[in-house]
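Chemist:
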Amino acid sequence: MRILLINPPNCGRSIPEERYGITSLKQIFRGEPLSLETLAGNLPEHDVRILDLKADPAGLEATLAAFVPDLVGLTAMTCEANTVLALAGAIKKNAPATVVVGGVHASNDPDFFNHPDIDYIAIGLGKQSLREQISHLESGDQTPVPGIARTNPGQKLRWQPRSFSRADLADSVAPRYDLVDHYRPQYTLEGLGLQMGLVASAAGCPYDCNFCCIGPLTGGAYLTASIATVLRDIRALPQAPVIRLVDANSFGQPDHALALAEAIAEVGLRKQYLADVRSDMVVRTPHLLKRWREVGLRAVVIGFEEIEDQALGNMNKANNQANNREAIRILHDLGLTIVGDFIIAPDYTEDQFDRLGEFVREQQIELPMYTVLTPLPGTGLYERMKTEISNHNLDYYTLTNAVVPTRLEEKLFYQRYAALLQDGHHNAKV
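Residue numbers (this note's numbering): 1 to 430.
1) Can you name, in chain order, every residue of its own chain whose Cβ lies under 8 Å from the Cβ of D47, other than the five neighbours on each side?
2) Just verifying my parser: in three-state terms, what is the DSSP assignment at M369?
3) Could you pull out every residue in the same chain whose Cβ sits closer than 6 Å to the Cβ of G380, ignoring the five residues on either side in sequence?
4) Between which residues of its own chain and L36 is the CB-CB distance below 7 Å, once the five residues before and five after are set aside?
5) Which residues does DSSP pair with V199 in a beta bridge?
6) Kindly indicate which three-state DSSP category G73 falls into: helix, strand or coil?
7) Would you kindly check if the distance between the Cβ of D276 and the Cβ of N249 is under 7 Å?
8) Going straight from the alpha carbon of T98 to that of F113, what length do you get?
9) To the nearest angstrom, how far is the alpha carbon of C448 from that of V68?
10) Specify, as a first and last residue, the run of the alpha helix (DSSP H) that V282 falls within.
11) Alpha carbon to alpha carbon, how far is L231 from K127?
12) What residue from E32, R13, A62, D56 has the CA that sits closest to T78's CA?
13) Name the one or two DSSP bridge partners that A55 has.
14) Starting from the N-terminal side, write out each stretch of the alpha helix (DSSP H) that is 4 residues or longer and does not extend beyond the stretch 336-390.
15) Does the Cβ of A203 have 16 or more other Cβ atoms within 10 Å, making it buried, or fewer, making it exposed?
16) Classify G335: buried if its beta carbon has 16 or more other beta carbons within 10 angstroms, exposed otherwise.
17) So, with DSSP's three-state summary, where would you put L274?
18) CB-CB under 6 Å to I264, same chain, minus the five flanking residues each way: which ones, in chain order?
19) Less than 7 Å between the C-beta atoms of V283 and A228, yes or no?
20) According to DSSP, simplified to helix, strand and coil, what is N10?
21) Which residues does DSSP pair with V230 in a beta bridge?
22) Shortest alpha-carbon distance to V84 belongs to which of A106, P96, T63, L71?
23) If I follow the unbroken alpha helix (DSSP H) through I134, where does it start and stop?
24) Closest to Y273 by CA distance: which of G313, G197, V267, F304 is it?
25) Cα separation between P216 and S135?
26) Just the C-alpha distance for G154 and H115, rounded to the nearest angstrom, thanks.
27) Mapping the DSSP letters down to three states, classify E45 as helix, strand or coil.
28) By DSSP, does T83 sit in helix, in strand, or in coil?
29) By alpha-carbon positions, which one of Q253, D341, L367, I121 ends up nearest to T285?
30) Which of helix, strand or coil does DSSP assign to V267?
31) Should the stretch 175-190 be regarded as contacting the stretch 142-151, the criterion being three or more beta carbon pairs within less than 8 Å?
32) Tell me the rounded alpha-carbon separation between L438 and P175.
33) Does the distance from the C-beta atom of F120 to that of I148 stay below 7 Å?
34) Classify N42 as buried or exposed, calling it buried when 16 or more other Cβ atoms lie within 10 Å of its own Cβ.
35) So what's C205 in DSSP terms, helix, strand or just coil?
36) Relative to the C-alpha of Y207, which candidate in D333, A318, P110, D255 has its C-alpha closest?
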């Protein structure tokens, strides 16, 4: 079977840019489409290609004409959902292909894609379920595949939930990194010009923050790839001096993470690493961070989210400011760069903007990143805030737009937001 996997183009819209001419807040998503590379790796019997419309925005029509796929798979974050629907329509007009949609938004809000131009929806990790569905299509087997919903426009969407396990990682087969080699020069670490490769060492997260859309991808499970798998994938990216571990919580199982660091040291993989960690884990296991620093860890991404315990509690973050401050101290002592994620609530006052900015400066967060609290469909936050939402156009769900009314006058809110970003970029260190 000829299979085309498509990464949608950059398509999120920006309220501050469109209404107030503030261009510094528009978020652009970069990096190789690892999810599609991993899907392709588990389909070795098929002729698979990847079209990255972020790197080649005008490539759809020519690729469809030249390749004539039997099946097209699309992935989508929430802000890309409308664009993926439009792409599905264009595909159906230009190619007699079966269309499957998966990814974060499909897993959190599958009903959105119950549309005539889409045939199947992959809900959660799709590496094994897509393979099973393709096998059924080839054999004519009509048995439902767990984790795959057949669309039924105008009717209630029905599917058999999948109980995700380590087997769904299918980590015995490598991602098809080679399928994007012609795009790879564009996958660089912005500002440094270094090529960055993406490697998955785990899937899911053992926590349940109410703003996060990761949980449904694994049904709430936290799954770690084997150490041999991670080493294999790092070796498969010799041209990338920086490896980004893309897991939501890279060190969610500290013993496993320590064993991985020891294995990296043993085989002599000389890379620099960027990983996501939680501050409470840093406080509990500083020796783990020290060992990773010794084997090449250069920077960590930490979701600090807020600077007050009450706000963290409202997010179901299961963490506190004492841990955040102590983690910052430990990481600075180790010489690790901190990429600190903070979430700005639409009801922020000017005083809260001031205090957040002061916290970042006082704690010397090298690379602060700021997003706007967004009730993404399928999350607990959405259920809590859905009656407050004033903007239902998913194009704006980029995490840089307020989709509920702001307490401050809207233009002032975005001006203060932009000022935080500008201050953070001015003081950024790597």
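Ideal Cβ placement from N, Cα and C applies to all residues, glycine included.
Modeler: Answer, in terms of the structure:
1) M1, R2, I3
2) strand
3) N210
4) L5, N7, I50, T75
5) L245
6) strand
7) yes
8) 14 Å
9) Any property of residue 448 remains undetermined from this structure, which presents the chain solely from 1 to 430.
10) 279-284
11) 20 Å
12) R13
13) Paired residues: none, contrary to the question.
14) 350-362, 380-385
15) buried
16) exposed
17) strand
18) V295
19) no
20) coil
21) DSSP output for V230 lists no bridge partner at all.
22) A106
23) 127-139
24) G197
25) Roughly 24 Å between the two C-alpha positions.
26) 8 Å
27) Residue state, collapsed to three classes: coil.
28) Of the three classes helix, strand and coil, the one that applies to T83 here is helix, per DSSP.
29) Q253
30) helix
31) no
32) With the chain running from 1 to 430 in the structure shown, residue 438 is simply not present.
33) The sequence given here places Tyr at residue 120; Phe does not occur at that position. Yes.
34) buried
35) Of the three classes helix, strand and coil, the one that applies to C205 here is coil, per DSSP.
36) Among D333, A318, P110, D255, the Cα nearest to that of Y207 belongs to A318.
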